[in-house]
Amino acid sequence: EPEVTQTPSHQVTQMGQEVILRCVPISNHLYFYWYRQILGQKVEFLVSFYNNEISEKSEIFDDQFSVERPDGSNFTLKIRSTKLEDSAMYFCASSDSAGEFGELFFGEGSRLTVL
Amino acid sequence: GESVGLHLPTLSVQEGDNSIINCAYSNSASDYFIWYKQESGKGPQFIIDIRSNMDKRQGQRVTVLLNKTVKHLSLQIAATQPGDSAVYFCAENNQGGKLIFGQGTELSVKP
């Protein structure tokens, strides 16, 4: 069964450092998303991406965040200068439809710990 | 503002019993809802969805009920098994893929 894969599974970084989280969406999907989940809390939308541009972003997704699809398979989330409060699980998701009835497939997540 | 919330943070059931997990939403304009299961250390996994033009939808061992009058959603799991132990989230699919998740209910199944 096709799946969304994410790397690294866990990254520990110092505050102020740049972090790049990587995702390989399902191959025929065209819509890509990043969500995050702070420990013990609900999953929160960060950004959606389609046709090489951001479709929508939340207020969490400030200037410190950026996304990129550098090639035909990867989708990355960059945090320019990490803060303690960026510590969370980051989930990548993809869909073959942007329609409100399209199913999102989530990866296993990348745990980011900022010290 | 928009919010999707859950009534109970934890639910413990005996193996073989039926489980009911509830969810309240506040946006009366919402027209599509999804239930996700999240096992420890994993990403959310789609269970079942329902559109607002329906009030009930059944899957394999799972049923989702939607009551638009009181803006309430529930997930029923029949014959709950230990493998059903997880956190269950309801989510509203808003604007084409932007999911608004509820807080989550942790389901524990006792053998």
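Protein sequences, first through last, are from chains A and B. Following the working numbering, the numbering of the first sequence begins with 1009 at its first residue and continues without gaps. Following the working numbering, the numbering of the second sequence begins with 19 at its first residue and continues without gaps. By construction, the Cβ of each residue, glycine as well, lies at the ideal position given by its N, Cα and C atoms. Small disclaimer: the values here were computed from a predicted structure and weren't measured.
- Selection A/Thr1121, A/Phe1113 and A/Val1122 evaluated against B/Lys60 yields A/Phe1113 as nearest (Cα-Cα).
- For the beta strand (DSSP E) assignment, the uninterrupted runs of no fewer than 3 residues enclosed by the region 1065-1121 of chain A are, from N- to C-terminal side, 1073-1076, 1083-1087 and 1096-1103.
- Judged by beta-carbon spacing, B/Glu57 lies beyond the 8 Å limit of B/Gln99, meaning their Cβ atoms are not closer than that value.
- Under the Cβ criterion (8 Å, minimum of three pairs), the region 1084-1096 of chain A does not count as touching the region 84-103 of chain B.
- Note that the C-beta distance between A/Gln1019 and A/Leu1120 is below 8 Å.
- The beta carbon of A/Glu1061 does not come within 8 Å of any beta carbon belonging to chain B, so the residue lies off that interface.
- Around the beta carbon of B/Ile39, a 10 Å sphere encloses 16 or more other beta carbons of the protein chains shown; the residue is thus reported as buried.
- For B/Gln63, the enclosing beta strand (DSSP E) has its first and last residue at Gln63 to Arg69.
- Classified as exposed, A/Pro1010 has fewer than 16 neighbouring CB atoms from the shown chains inside 10 Å of its CB.
- Looking only at A/Ser1074, A/Glu1067, A/Ser1118 and A/Cys1100, the smallest Cα-Cα distance to A/His1037 is reached by A/Cys1100.
- A/Val1055 and A/Val1032 do not touch by the CB rule: their CB atoms are close to 17 Å apart, not below 8 Å.
- Taking C-alpha positions only, A/Asn1059 is separated from B/Ser44 by approximately 32 Å.
- Proximity of chain B to A/Lys1050 at the Cβ level (cut-off 8 Å) is accounted for by Phe107, Phe119, Gly120, Gln121 and Gly122, in chain order.
- In this structure, the alpha-carbon of A/Leu1047 lies about 6 Å from that of A/Ala1096.
- For the region 44-67 of chain B, the beta-carbon criterion of a distance under 9 Å to any beta-carbon of chain A is satisfied by Asp49, Tyr50, Ile52, Tyr54, Gln56, Gly59, Lys60, Gly61, Pro62, Gln63, Phe64 and Asp67.
- It is roughly 35 Å from the alpha-carbon of A/Glu1061 to the alpha-carbon of B/Leu93.
- With a 10 Å radius around the Cβ and a threshold of 16 neighbouring Cβ atoms, A/Thr1090 comes out buried.
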